[in-house]
Amino acid sequence: MSIELYWDNDEQTILLCEFHPGWTWDEMYETLATIKKVTDRANYEIAAIVDVHEGVGIPGGSLLSRSNFEHAKKMLSMGEGGTGPIVIVGANPLIRAAHDAFRMIDRKATSNIRFAPNLEAARAILDEIHT
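Following this note's numbering, the residues of the sequence shown are numbered contiguously, the last one being 111.
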C-alpha cells in the first residue's frame, strides 16, 4: 500500500499516517475507515500526524478537477467528529491552498489542522496542544 498507518507513540494516542507516491483514493478511504474504527473504540482523544513530505501528488493530477474536489470534500467530511488534532508534515503550497479554500467553505471542518515542516516539529506541536 502507498499509505501506511501505525501508532507514533507507546501510549497509542497519536496515529502516524505516511503517504507515498502512487496512493489512490480507494487506499485513502480504506485508511480513513481504519482510523474511524480506532477512534470510535477509544475513550480518549487520538491525534494524528499526516506525513506527505515525499512530495505526494493528488490522484488524477489536480485537486481542481471536479471529481478530485468531490473526493477531497468526502475525505474532509469523513474526518468530521474526529477525536483530536491533525498535523500535516511537508505540505506543499497546493495542499496549503486547498486547506485554505476548504477553510473558507467550512471553517469547522479544518479547525483542528496544523502544519509542520518535519516529524519533530509535528510532535512538538502535539506536545503543546494534545493531552
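Cβ coordinates follow ideal geometry from the N, Cα and C atoms, glycine included.
Which whole-angstrom value describes the C-beta separation of Ile(-6) and Ala27, a residue pair presumed to lie in contact below a C-beta threshold of 8 Å? 5 Å
Any heavy atom of the ligand COA closer than 7 Å to the beta-carbon of Gly70? The ligand content of the structure shown is nil, which means the ligand COA is not present either.
Under 8 Å between the Cβ atoms of Ile105 and Ala96? Result yes, Cβ atoms of Ile105 and Ala96 sit closer than 8 Å.
Would you mind reading off the limits of the beta strand (DSSP E) that contains Arg94? 93 to 96
Lys88 to Ala102 span [Cα, whole Å]: 21 Å
At which residues does the alpha helix (DSSP H) containing Val18 begin and terminate? Element bounds for Val18: 5 to 21.
Three-state secondary structure assigned by DSSP to Ala78: helix
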